[in-house]
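*Asks:* Next up is a structure, given as structure tokens.
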DNA sequence: ACCAAATGTAAAACTTACTTTACATATTGT
DNA sequence: ACAATATGTAAAGTAAGTTTTACATTTGGT
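Below is the structure:
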């Protein structure tokens with residue numbers, strides 16, 4: 001699964017720590033999702049989408065391997 | 001988190017087992033998500049949305065407690 | 001009423017998300 | 001060049017998702 005978190009963060013000028021604080025997770029959680037080390041829960045995806053004012057589908061996309 | 005899986009399933013006339021088969025998970029996984037026993041991964045949410053031809057946000061919605 | 005299919009749960013085992021702590025590297029401003 | 005902030009990653013621990021097996025209950029058709 002791909003994601004556009006890094007780009008969305010840049011557009012809102014948020015650091016990983018800022019973003020983590022906003023949605024109540026650790027900075028490492030954001031970093032790990034961003035770098036594809038793990039797949040977030042749907043609750044987390046919805047919260048990220050909420051912060052970025054986008055849909056989950058705009059931020060996360062399936063890949064062949066999923 | 002609320003979800004509309006039961007309704008979407010009804011609209012497509014799919015049993016829990018049918019749906020499970022389509023996205024490659026067990027029937028219990030579908031049942032557990034549907035009855036709110038647990039929150040699916042974002043990959044699973046995207047696959048469900050794909051089957052229902054809707055966005056993840058149309059199928060899953062945050063609640064206050066999330 | 002009977003049978004088949006669908007649904008709700010539950011326990012054990014396994015896998016993966018997430019936290020905390022910690023450190024190393026990179027980037028940016030002055 | 002220096003200091004501060006941001007990012008990448010790793011290990012250990014805890015919490016949670018998912019599978020498999022199994023059984024009970026409900027629903028629908030005839």
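Chains as they are written, first to last, in UniProt numbering: chain H, 1 to 66; chain V, 1 to 66.
Cβ coordinates follow ideal geometry from the N, Cα and C atoms, glycine included.
Remember, predicted model here, so these are calculated numbers, not experimental data.
Compare the Cα-Cα distances from residue 47 of chain V to each of H:61, H:51, H:45, H:9 and report the closest residue.
*Replies:* H:61
*Asks:* Just by C-beta distance, which residues in the UniProt domain "HTH cro/C1-type" (5–59) of chain H are closer than 8 angstroms to chain V?
*Replies:* 39, 40, 41, 42, 43, 44, 45, 46, 47, 49, 50, 55, 56, 57
*Asks:* According to DSSP, is residue 54 of chain V helix, strand or coil?
*Replies:* Of the three classes helix, strand and coil, the one that applies to residue 54 of chain V here is coil, per DSSP.
*Asks:* Using a 10 Å radius around the Cβ and a threshold of 16 neighbouring Cβ atoms, would you call residue 8 of chain V buried or exposed?
*Replies:* It is buried - the Cβ of residue 8 of chain V has at least 16 other Cβ atoms within 10 Å.
*Asks:* Is there contact here, the stretch 32–42 of chain H with the stretch 4–24 of chain V, by at least three beta-carbon pairs under 8 angstroms?
*Replies:* no
*Asks:* Where DSSP assigns a beta bridge to residue 3 of chain V, which residues make up the other side?
*Replies:* V:60
*Asks:* Would you kindly work out how many angstroms separate the C-alpha atoms of residue 64 of chain V and residue 17 of chain V, rounded to a whole number?
*Replies:* Approximately 31 angstroms between the Cα atoms of the pair.
*Asks:* Just how far apart, CA to CA, sit residue 49 of chain H and residue 4 of chain V?
*Replies:* 19 angstroms
*Asks:* For residue 26 of chain H, which three-state DSSP category applies?
*Replies:* coil
*Asks:* Under the three-state reduction of DSSP, which class applies to residue 15 of chain H: helix, strand or coil?
*Replies:* coil
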